[in-house]
Structures are given as C-alpha cells and as structure tokens.
Amino acid sequence: MKNFLYIVFILGISIHVNGQNQVNGIVDYHFVINNPDGSTFANPFKMYFDQNTTYYTKVGTVREVSDKSKKVSVGLNDNVVTKNIMKSNLPQPFYYTNTKNQELISRQKIVRAMYLVEDILEPISWKLQQKHKKIANYNCQKAIAKYRGREYTVWFTTEIPVSHGPWKLRGLPGLILEVTEETGKYGFVANAVNLNPDKELLQKKIKKPDTKGITTMENYIEAIKNKYKNTMAMARASLPRGARLATDCDICPDPKNYSLERFD
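Residue 49 is where the sequence shown starts when you use this note's numbering, and the numbers rise one by one after that.
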C-alpha cells in the first residue's frame with residue numbers, strides 16, 4: 049500500500065489511580081482504512097476501561113480524508129479534512145472484553161446486517177522487540193503478533209499498566225497506543241487519553257452488554273467469509289441495466305484483504 053499513517057499525538061492526559069492501584073480511563077482512537085484506490089477513511093472510536101474490562105465502541109461517523117498527501121493526522125488539536133460523511137441507521141458496533149471472566153462480546157456490521165457475537169478470548173502471541181520510541185510523553189515499546197489472519201505491529205506503554213488495546217487487540221503489559229497492519233490497509237491510532245474519567249459514566253459504559261439475540265461464532269465466521277461476495281452482489285444489483293463491475297483492475301478490492309478478520 050502506498051498509504052501510510054502519519055501519526056501526531058497530542059494527548060490530553062491526567063492520571064488517576066485508586067486506592068487499589070487500579071488504572072481506569074477513556075481512550076479516543078481512530079480506526080483508519082486505506083483503500084487501493086487511494087482513498088482513506090477515519091472511524092472515531094472510544095475505549096472505556098478499568099483493570100479487567102474494556103468497552104470499545106464507535107462514537108461518530110466515518111470521515112473520508114481528502115488531504116492529497118493521504119497522511120492521517122489525528123492529534124487532539126488537528127483537523128481531519130473530509131469530503132463527505134457516511135451515515136447509517138444501524139446501531140453502532142462495539143467490542144466488550146472482560147479478561148477476568150474470559151469474555152469477548154461484539155456487535156459488528158457485516159454488509160447490511162449487525163451481528164451480536166460471543167467470541168473467543170484467545171491468547172495473542174506477542175513478540176516483544178527491542179525498539180522504543182516516545183508517543184506524546186509516553187515511553188513505548190514495539191511488539192509484533194499474528195491475530196485472525198493478519199500480522200500487527202504495535203507500540204504500547206507500560207506507563208499505563210493495563211493489558212488493553214483497540215478493537216480485539218490486547219495482552220501486552222501496557223496500553224496499546226498505535227497499531228499498523230502488515231498490508232497497510234488498516235491501522236489504529238490513539239489521539240486522546242483520559243486517566244481521570246467520571247466514575248459513574250465509566251461504570252455505566254463497562255457494564256456487560258445485553259446478549260439478547262446473540263448468534264454463534266460459526267454464523268459470524270460464515271458471514272465474514274461471504275462478505276466480499278455479498279457486497280459485490282449488492283453493488284451489481286444497484287447498477288443500471290447493462291452495466292458491469294470491473295473485476296480485474298489496478299484499484300479493485302482484493303477479496304483476501306476485504307475484512308479485518310480473515311478466516312480460512
């Protein structure tokens with residue numbers, strides 16, 4: 049991919065540690081998608097967390113970055129230039145993790161449907177690297193791992209001693225602040241950290257979600273595998289009569305690189 053993330057962190061930071069040395073907080077992330085046609089989309093998310101629990105949810109609309117350099121600057125005081133806003137009437141996706149109870153529950157959009165899934169909190173085999181850098185005022189270390197069909201490079205800080213990160217990424221001895229994926233298509237960028245959150249709000253947000261209507265992991269995996277095919281079928285159905293979709297071109301999406309998770 050020609051696109052890459054140029055990350056500017058301007059973090060609004062305050063630290064709160066309660067009597068039991070538990071770290072609580074709220075992190076703003078951008079989930080960034082770089083497409084083969086050169087377009088870049090930024091998705092705003094928030095992660096609410098205590099020592100054992102996270103609730104990571106989308107909090108706004110997808111924004112298409114129109115900066116010609118295709119560099120995404122997502123610092124707290126920086127602007128992300130947008131060409132349009134894509135809205136949906138579907139509920140916002142979320143990812144709830146409780147490491148103490150070994151729970152991972154998510155609600156995700158696949159094509160036009162939402163899937164509420166009780167996932168598997170499987171371990172991620174991180175390989176720590178002897179490379180360090182500063183992100184804002186935090187000393188961070190590099191780590192690499194494969195997870196759900198992709199390889200991720202992350203930067204985490206033990207100065208925030210929780211094993212959390214964006215989306216389903218976790219399991220390091222510190223908070224993950226930056227993520228890049230091997231193909232360059234996906235990335236996660238923290239742009240604000242608040243370690244002194246409103247306690248009442250935090251407890252409300254990290255409460256275990258209602259699992260009414262939950263589906264099986266098998267159904268979810270099948271939907272992921274069929275995502276590209278079903279999306280293309282929808283696109284063909286919307287074309288004018290006689291028109292065709294190009295299926296062999298330089299900017300066509302790669303079916304193997306169409307979903308964040310890739311299952312065999």
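The C-beta atom is built at its ideal place from N, Cα and C for all residues, glycine as well.
Start and end residues, alpha helix (DSSP H) containing residue i
i: Gln140; result: Note, Gln140: premise wrong, no alpha helix (DSSP H); not H, not E.
i: Glu266; result: Met265 to Lys273
i: Glu248; result: Lys247 to Lys253
Distance, residue j Cα to residue i Cα
i: Lys175; j: Trp215; result: 19 Å
i: Val122; j: Ala271; result: Unreliable placement is indicated for Val122, whose pLDDT of 42 sits below 50; the coordinate value is still reported in the next sentence. Near 32 Å, if we compare the C-alpha coordinates of Ala271 and Val122.
i: Pro221; j: Asp246; result: 25 Å
i: Tyr77; j: Lys194; result: 21 Å
i: Asp312; j: Asn267; result: 14 Å
i: Glu228; j: Thr102; result: Looking at the sequence shown, residue 228 is not Glu but Thr. One C-alpha to the other measures close to 21 Å.
i: Met162; j: Arg310; result: 18 Å
i: Glu207; j: Pro288; result: 56 Å
i: Lys119; j: Lys273; result: Confidence is the limiting factor: at Lys119 the pLDDT is only 46, short of 50, which leaves the residue's position unreliable and the question unanswerable from this model.
i: Val159; j: Val113; result: 22 Å
i: Asn82; j: Ser211; result: 27 Å
i: Lys260; j: Thr145; result: 17 Å
i: Lys190; j: Gln177; result: 5 Å
i: Ile262; j: Ile254; result: 18 Å
i: Ser87; j: Lys233; result: 11 Å
i: Ser307; j: Lys275; result: 8 Å
i: Met239; j: Asp98; result: The residue you asked about is not Met; residue 239 is Asn in the sequence shown. Spanning the two alpha carbons is a distance of roughly 19 Å.
i: Met265; j: Phe89; result: 28 Å
i: Arg196; j: Asn185; result: 31 Å
i: Ile192; j: Arg198; result: 11 Å
i: Gly213; j: Lys94; result: 11 Å
i: Glu248; j: Gln70; result: 16 Å
i: Val128; j: Asp258; result: Per-residue confidence for Val128 stands at a pLDDT of 43, beneath the threshold of 50, marking its modelled position as unreliable; the derived number appears in the next sentence. If I take the Cα positions, the gap works out to 34 Å.
i: Lys181; j: Pro209; result: 17 Å
i: Lys179; j: Leu223; result: 16 Å
i: Lys252; j: Trp203; result: 29 Å
Short Cβ contact (9 Å threshold) for residue i with residue j
i: Pro28; j: Gly108; result: Not covered by the structure: residue 28. The range shown for the chain is 49 to 312.
i: Lys148; j: Asn72; result: no
i: Thr205; j: Asn187; result: yes
i: Gln156; j: Thr105; result: no
i: Tyr143; j: Leu250; result: no
i: Ile74; j: Val241; result: yes
i: Ile183; j: Leu243; result: no
i: Ser154; j: Leu169; result: no
i: Gly235; j: Val80; result: yes
i: Ile269; j: Arg218; result: no
i: Thr231; j: Asn305; result: yes
i: Glu166; j: Lys256; result: no
For residue i, the residue or residues it bridges with in DSSP
i: Ile158; result: Ala161
i: Glu309; result: Answer by DSSP bridge pairing: none, since Glu309 is not bridged.
i: Asn91; result: Phe79
i: Gln42; result: Since the first residue shown for the chain is 49 and the last is 312, residue 42 is missing from the structure and cannot be characterised.
i: Arg198; result: Tyr195
i: Glu166; result: Ile153
i: Thr313; result: Here the chain covers residues 49 to 312 and nothing more, so residue 313 does not appear.
Residue span of the beta strand (DSSP E) that contains residue i, given as start and end
i: Lys182; result: Lys175 to Ile183
i: Ile224; result: Leu223 to Glu229
i: Thr105; result: Thr101 to Lys106
i: Val71; result: Where Val71 is concerned, there is no enclosing beta strand (DSSP E), given that its DSSP letter is neither H nor E.
i: Asn242; result: Tyr234 to Asn242
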